[in-house]
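Protein chains in written order, with my numbering: chain A, 404 to 697; chain B, 404 to 697; chain C, 404 to 697; chain D, 404 to 697. Have a look at the structure below, then the notes.
Protein chains: 4
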Amino acid sequence: MKNITATSAKAKNTATLLITCPDKKGIVAAIADFLYQHNANILHADQHQDAENNLFLMRVEWDLEGFSFNPAHFSQHFAEVSNRFNMEWQLKLSQKPLRVAIMVSQYDHCLADLLHRHKNGELMCDIPLIISNHHDTEALAKFYGVDFHYIAVTKDNKVEAEAQQFSLFAKYEIDLIVLARYMQILSPDFVARYPKQIINIHHSFLPAFIGAKPYHRAFERGVKLIGATSHYVSEVLDEGPIIEQGIDRISHRDQVEDLIQKGRDLERVVLSKAVRWHIESRILLYANKTVIFD
Amino acid sequence: MKNITATSAKAKNTATLLITCPDKKGIVAAIADFLYQHNANILHADQHQDAENNLFLMRVEWDLEGFSFNPAHFSQHFAEVSNRFNMEWQLKLSQKPLRVAIMVSQYDHCLADLLHRHKNGELMCDIPLIISNHHDTEALAKFYGVDFHYIAVTKDNKVEAEAQQFSLFAKYEIDLIVLARYMQILSPDFVARYPKQIINIHHSFLPAFIGAKPYHRAFERGVKLIGATSHYVSEVLDEGPIIEQGIDRISHRDQVEDLIQKGRDLERVVLSKAVRWHIESRILLYANKTVIFD
Amino acid sequence: MKNITATSAKAKNTATLLITCPDKKGIVAAIADFLYQHNANILHADQHQDAENNLFLMRVEWDLEGFSFNPAHFSQHFAEVSNRFNMEWQLKLSQKPLRVAIMVSQYDHCLADLLHRHKNGELMCDIPLIISNHHDTEALAKFYGVDFHYIAVTKDNKVEAEAQQFSLFAKYEIDLIVLARYMQILSPDFVARYPKQIINIHHSFLPAFIGAKPYHRAFERGVKLIGATSHYVSEVLDEGPIIEQGIDRISHRDQVEDLIQKGRDLERVVLSKAVRWHIESRILLYANKTVIFD
Amino acid sequence: MKNITATSAKAKNTATLLITCPDKKGIVAAIADFLYQHNANILHADQHQDAENNLFLMRVEWDLEGFSFNPAHFSQHFAEVSNRFNMEWQLKLSQKPLRVAIMVSQYDHCLADLLHRHKNGELMCDIPLIISNHHDTEALAKFYGVDFHYIAVTKDNKVEAEAQQFSLFAKYEIDLIVLARYMQILSPDFVARYPKQIINIHHSFLPAFIGAKPYHRAFERGVKLIGATSHYVSEVLDEGPIIEQGIDRISHRDQVEDLIQKGRDLERVVLSKAVRWHIESRILLYANKTVIFD
Numbered sequence: 404m405k406n407i408t409a410t411s412a413k414a415k416n417t418a419t420l421l422i423t424c425p426d427k428k429g430i431v432a433a434i435a436d437f438l439y440q441h442n443a444n445i446l447h448a449d450q451h452q453d454a455e456n457n458l459f460l461m462r463v464e465w466d467l468e469g470f471s472f473n474p475a476h477f478s479q480h481f482a483e484v485s486n487r488f489n490m491e492w493q494l495k496l497s498q499k500p501l502r503v504a505i506m507v508s509q510y511d512h513c514l515a516d517l518l519h520r521h522k523n524g525e526l527m528c529d530i531p532l533i534i535s536n537h538h539d540t541e542a543l544a545k546f547y548g549v550d551f552h553y554i555a556v557t558k559d560n561k562v563e564a565e566a567q568q569f570s571l572f573a574k575y576e577i578d579l580i581v582l583a584r585y586m587q588i589l590s591p592d593f594v595a596r597y598p599k600q601i602i603n604i605h606h607s608f609l610p611a612f613i614g615a616k617p618y619h620r621a622f623e624r625g626v627k628l629i630g631a632t633s634h635y636v637s638e639v640l641d642e643g644p645i646i647e648q649g650i651d652r653i654s655h656r657d658q659v660e661d662l663i664q665k666g667r668d669l670e671r672v673v674l675s676k677a678v679r680w681h682i683e684s685r686i687l688l689y690a691n692k693t694v695i696f697d
Numbered sequence: 404m405k406n407i408t409a410t411s412a413k414a415k416n417t418a419t420l421l422i423t424c425p426d427k428k429g430i431v432a433a434i435a436d437f438l439y440q441h442n443a444n445i446l447h448a449d450q451h452q453d454a455e456n457n458l459f460l461m462r463v464e465w466d467l468e469g470f471s472f473n474p475a476h477f478s479q480h481f482a483e484v485s486n487r488f489n490m491e492w493q494l495k496l497s498q499k500p501l502r503v504a505i506m507v508s509q510y511d512h513c514l515a516d517l518l519h520r521h522k523n524g525e526l527m528c529d530i531p532l533i534i535s536n537h538h539d540t541e542a543l544a545k546f547y548g549v550d551f552h553y554i555a556v557t558k559d560n561k562v563e564a565e566a567q568q569f570s571l572f573a574k575y576e577i578d579l580i581v582l583a584r585y586m587q588i589l590s591p592d593f594v595a596r597y598p599k600q601i602i603n604i605h606h607s608f609l610p611a612f613i614g615a616k617p618y619h620r621a622f623e624r625g626v627k628l629i630g631a632t633s634h635y636v637s638e639v640l641d642e643g644p645i646i647e648q649g650i651d652r653i654s655h656r657d658q659v660e661d662l663i664q665k666g667r668d669l670e671r672v673v674l675s676k677a678v679r680w681h682i683e684s685r686i687l688l689y690a691n692k693t694v695i696f697d
Numbered sequence: 404m405k406n407i408t409a410t411s412a413k414a415k416n417t418a419t420l421l422i423t424c425p426d427k428k429g430i431v432a433a434i435a436d437f438l439y440q441h442n443a444n445i446l447h448a449d450q451h452q453d454a455e456n457n458l459f460l461m462r463v464e465w466d467l468e469g470f471s472f473n474p475a476h477f478s479q480h481f482a483e484v485s486n487r488f489n490m491e492w493q494l495k496l497s498q499k500p501l502r503v504a505i506m507v508s509q510y511d512h513c514l515a516d517l518l519h520r521h522k523n524g525e526l527m528c529d530i531p532l533i534i535s536n537h538h539d540t541e542a543l544a545k546f547y548g549v550d551f552h553y554i555a556v557t558k559d560n561k562v563e564a565e566a567q568q569f570s571l572f573a574k575y576e577i578d579l580i581v582l583a584r585y586m587q588i589l590s591p592d593f594v595a596r597y598p599k600q601i602i603n604i605h606h607s608f609l610p611a612f613i614g615a616k617p618y619h620r621a622f623e624r625g626v627k628l629i630g631a632t633s634h635y636v637s638e639v640l641d642e643g644p645i646i647e648q649g650i651d652r653i654s655h656r657d658q659v660e661d662l663i664q665k666g667r668d669l670e671r672v673v674l675s676k677a678v679r680w681h682i683e684s685r686i687l688l689y690a691n692k693t694v695i696f697d
Numbered sequence: 404m405k406n407i408t409a410t411s412a413k414a415k416n417t418a419t420l421l422i423t424c425p426d427k428k429g430i431v432a433a434i435a436d437f438l439y440q441h442n443a444n445i446l447h448a449d450q451h452q453d454a455e456n457n458l459f460l461m462r463v464e465w466d467l468e469g470f471s472f473n474p475a476h477f478s479q480h481f482a483e484v485s486n487r488f489n490m491e492w493q494l495k496l497s498q499k500p501l502r503v504a505i506m507v508s509q510y511d512h513c514l515a516d517l518l519h520r521h522k523n524g525e526l527m528c529d530i531p532l533i534i535s536n537h538h539d540t541e542a543l544a545k546f547y548g549v550d551f552h553y554i555a556v557t558k559d560n561k562v563e564a565e566a567q568q569f570s571l572f573a574k575y576e577i578d579l580i581v582l583a584r585y586m587q588i589l590s591p592d593f594v595a596r597y598p599k600q601i602i603n604i605h606h607s608f609l610p611a612f613i614g615a616k617p618y619h620r621a622f623e624r625g626v627k628l629i630g631a632t633s634h635y636v637s638e639v640l641d642e643g644p645i646i647e648q649g650i651d652r653i654s655h656r657d658q659v660e661d662l663i664q665k666g667r668d669l670e671r672v673v674l675s676k677a678v679r680w681h682i683e684s685r686i687l688l689y690a691n692k693t694v695i696f697d
């Protein structure tokens with residue numbers, strides 16, 4: 404398959420800085436001055452202020468060509484500014500792509516979509532690992548050249564199964580876990596180990612139809628629009644920070660099967676956007692909400 | 404103001420028949436034959452079958468020009484077919500427009516919208532009555548030539564206030580009550596008196612954010628889309644059959660005030676569609692759901 | 404891969420009748436009576452009247468279980484009704500799925516999408532043949548078990564190349580040709596041979612940006628929404644009857660590459676809907692327009 | 404009518420700076436430093452870089468409470484920064500609202516919408532003047548307390564009519580002219596006098612259906628979506644920079660009248676957004692395109 408953006412992607416050598424701190428006069432001046440002093444060529448900058456929580460949030464991406472120091476030493480150079488404003492920050496280098504694991508059960512539409520987008524250059528990450536509690540997607544994984552691990556999950560073996568999963572995440576040095584219609588509830592321990600590192604797709608317009616069988620319940624309630632929601636997984640089921648939502652129109656002519664079919668198109672788009680925004684460092688989290696710098 | 408469709412509207416002389424009955428072979432043949440025998444010129448016909456509930460639902464509209472009998476005697480002519488298939492039916496004549504009352508509190512955007520659409524010929528009904536528990540919309544009512552009645556509602560006078568309302572509905576021969584952001588909860592007695600005759604606009608994507616202050620709760624939850632829902636009022640708050648829903652996209656940049664503002668545009672469109680479909684006999688109800696023949 | 408709807412699909416044994424004729428009283432009565440007399444169990448019926456062109460259009464689907472004659476003899480049984488009303492009609496049996504060929508150049512997103520939907524049971528047709536003027540999609544075709552034929556197309560060999568294509572269509576008994584981002588203009592001879600049997604996806608909101616490089620031109624014009632359009636191919640480029648259109652919102656932050664990326668999601672959905680509606684006999688054509696019975 | 408946001412609006416005392424200049428390192432640092440030195444409390448900042456045209460564009464809004472100098476003297480204080488980077492800039496003070504004239508023919512839906520939004524506090528501008536070539540909207544203007552001037556326009560009196568219009572714009576000190584379905588083509592002289600100061604609503608998804616009767620042509624072409632476009636008026640008809648676009652879905656059941664009715668809802672929303680963004684200094688223009696800082 405032709406990798407459309409591979410050339411430009413490989414050529415890209417940028418740093419992306421995400422910052423959260425209490426809002427205060429002079430923050431932008433301090434950051435902009437720091438970057439200017441070190442000869443950063445800013446490509447994109449975006450910021451947000453939350454008055455209610457008195458928070459300042461920023462994303463800035465610059466070309467590393469001509470930048471005055473090795474970004475590996477960013478921490479020490481940035482310490483003075485960072486300390487002055489009490490910043491939480493993270494730096495992401497385009498040449499160190501995130502490593503993503505995908506967990507899936509038997510429905511393969513989100514998985515097939517993510518793998519195809521990745522191959523076509525839409526997702527600038529590595530996808531070295533697929534874990535499933537079914538064998539259905541093994542051929543697909545093989546076609547795209549991704550390691551596939553089958554781990555059965557039952558009521559009785561959950562602890563062991565998750566232990567196996569953790570060990571695979573460690574072995575493959577995974578940064579992000581994508582639940583691409585993985586029909587198992589993760590243990591609190593699992594969730595706690597990977598904070599802000601697990602993205603799920605829920606097949607409803609949250610907070611409507613939390614929990615199981617949302618399309619069936621949407622059908623029963625007689626809604627006129629169905630939705631899908633991608634979100635970070637937190638300790639409470641389907642209550643984590645929402646990243647993206649999409650909807651489609653339905654009518655009385657649509658049966659549950661039609662809702663499921665229409666829903667698949669929503670799930671694909673809504674999940675792939677969340678993954679792309681995460682790996683491109685476009686998401687900041689606060690107060691159980693997301694800021695998306697798109 | 405120019406009434407764009409007045410001429411064609413006045414010229415229109417049609418009958419619209421809505422039918423619900425158990426599904427059975429031969430229903431369409433029987434209805435089509437009945438209409439053909441009486442020389443009906445069918446303009447639109449639409450039907451729906453619900454396999455799960457074994458129901459047949461139909462809407463058919465025909466030109467009364469050349470129809471072989473006075474539609475006032477429809478009941479006796481149609482009795483044989485109707486009895487054979489155990490039909491529930493209603494007949495609506497375009498020359499007998501429904502009479503609509505609008506109830507409103509201080510937010511006037513839905514009211515202003517409905518009155519403007521009515522004046523412009525989009526809503527083929529009469530709107531003789533506006534009832535409000537505030538004086539804010541009195542000037543608007545006067546501008547559009549609609550009788551305005553102020554009825555204060557407090558915790559203590561609810562029974563008397565509703566009695567006054569019932570008496571106005573009777574006096575004005577009201578067929579449909581539209582709650583155009585009327586911020587009072589109707590008593591069970593009120594709701595029971597006007598079954599399938601009260602349409603409300605709820606400012607969320609139901610069933611998310613049932614109850615009060617939905618925009619505030621949507622803001623807190625961090626959703627990426629907000630919605631509005633028009634529905635028939637039933638005994639349980641915000642649980643009646645949904646007629647129409649709309650959504651709009653929001654981002655982290657939107658404050659509660661922005662949600663409220665964007666929501667107003669949704670509410671206007673979503674409520675006006677529900678009113679139009681109702682007065683044009685496009686809605687059939689079953690199993691707490693609506694079939695919309697649009 | 405799990406074929407979600409395979410069981411129900413195989414069990415399905417229905418006939419779908421599409422009718423176009425001059426509008427006249429008694430048509431529905433005649434058709435409904437015909438079906439009732441022959442013990443048809445109607446599952447869906449939908450009709451449309453076009454007053455301007457005095458046309459009646461109908462789609463009716465019934466269960467063949469219990470139907471009183473072999474649908475292979477439909478023509479002779481239906482002749483009296485058909486002649487009386489001067490009908491054009493076509494009958495489609497669910498157990499004789501259409502045979503579809505897909506033509507594609509190097510962009511594989513629509514192809515991958517159609518093959519995946521087909522495998523998952525969303526598209527009730529056979530897909531025995533893929534033709535491409537590039538080798539890029541050969542592995543994908545092989546993965547899904549579809550015959551792949553490479554036919555180079557140059558300025559000089561167009562006639563020979565199309566002759567090869569025609570011969571493949573004949574050999575594989577193709578009913579429908581889907582241009583899934585096939586970047587070659589078909590000759591008038593090609594188009595004339597397969598009337599109403601070629602579906603194309605154009606990557607703009609037609610009639611805006613007819614012709615080449617629509618995303619680049621959309622970017623230059625500064626539009627705020629981009630679109631995609633699926634349509635039947637007719638003799639004039641991008642002027643055939645439109646089947647479906649979709650749009651997505653863009654902003655000044657989107658570069659041409661972003662438009663192309665967002666466009667891919669539109670193209671997938673808009674093309675797959677057109678293919679599905681065609682193979683389910685949901686489309687009627689008149690006056691260079693489509694009626695979609697969905 | 405209750406003016407929902409009046410209190411907060413009156414309290415608001417901010418300055419908004421719009422900047423366009425060639426892109427160069429250090430711009431943000433210089434602006435941020437300038438604002439910090441003068442004790443500006445930044446409320447919102449947004450920027451955009453256009454690589455192709457090597458342009459930097461920025462919008463920044465700050466609270467004037469505590470700002471170190473009178474914004475009337477902004478030009479001299481900002482001169483050094485502005486000259487260094489070769490900036491074009493404009494400063495807008497919230498306490499000096501723009502003065503808007505609305506021109507309208509007989510269709511009043513956009514006018515009614517703008518006046519209602521203004522009254523409810525959605526549009527922070529003054530609307531002192533309505534000009535029409537029909538008398539239809541006079542009562543509406545009066546209801547909302549806006550001066551109404553009737554100026555007939557014929558083939559023969561166009562120059563005189565426009566002269567009258569210019570003199571009214573001068574008298575009322577108009578900053579922005581909104582064509583709210585004004586069905587007359589402005590002369591080149593008119594357009595040249597008010598560059599980037601005239602906003603029009605076109606009832607199609609431009610660039611499709613440029614010119615007259617777009618809904619009729621959309622109907623004939625058989626499109627599945629209709630649109631509306633708000634744009635600045637430039638010398639070439641319907642070719643000015645696009646500000647906002649909206650679409651709605653239609654089907655074969657929709658007649659031209661239905662397209663017109665659905666279109667009215669689009670036009671209202673799309674025009675009012677353009678007006679709001681203009682008066683809130685959210686729009687920057689370059690290369691016949693708009694950047695919207697929303």
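Where a beta carbon is used, it is the ideal one built from N, C-alpha and C, also for glycine.
Beta-carbon contacts of residue i that lie in its chain and below 7 Å, excluding the five residues immediately before and after
i	result
ARG586(D)	Strictly speaking, residue 586(D) in this sequence is Met, with Arg absent from that position. Around MET586(D): SER508.
Other residues of its chain near residue i: CB distance less than 8 Å, five sequence neighbours each side excluded
i	result
VAL594(D)	ILE601, VAL636, SER637, GLU638
THR680(B)	Looking at the sequence itself, residue 680(B) is Trp, so the reference to Thr does not match. ILE646, GLU647, ILE686, ILE695, ASP697, listed in sequence order.
GLU565(A)	LEU589, SER590, ASP592, PHE593
ASN427(D)	First, the amino acid is wrong: residue 427(D) is Lys here, not Asn. Answer for LYS427(D): PHE459, PHE488, listed in chain order.
Alpha-carbon spacing of residue i relative to residue j, whole angstroms
i	j	result
ALA515(D)	VAL673(D)	14 Å
THR410(B)	HIS605(B)	Confidence in THR410(B) is poor, its pLDDT being 39 and thus under 50, which makes the residue's placement unreliable; the coordinate value appears in the next sentence. About 34 Å.
ALA621(C)	GLN658(C)	11 Å
Identity of the residue in the options nearest residue i by Cα
i	options	result
ARG671(D)	ALA583(D), ALA448(D), PRO474(D), ARG596(D)	ALA583(D)
ASN536(A)	LEU543(A), ALA573(A), HIS552(A)	HIS552(A)
GLN498(B)	ALA448(B), ILE530(B), PHE546(B), THR417(B)	THR417(B)
LYS574(D)	VAL503(D), PRO617(D), LYS616(D)	VAL503(D)
SER478(B)	ARG596(B), TYR689(B), LEU494(B)	LEU494(B)
PHE546(D)	HIS521(D), ASP559(D), PHE569(D)	HIS521(D)
Start-to-end residues for the beta strand (DSSP E) that takes in residue i
i	result
PRO617(A)	Run containing PRO617(A): none in the beta strand (DSSP E); it sits in the alpha helix (DSSP H), 617-624.
| query | Using a Cβ cut-off of 7 Å, which residues of the region 630-641 of chain D contact any Cβ in chain C, in chain order? | reply | If the cut-off is 7 Å between Cβ atoms, the region 630-641 of chain D has nothing near chain C.
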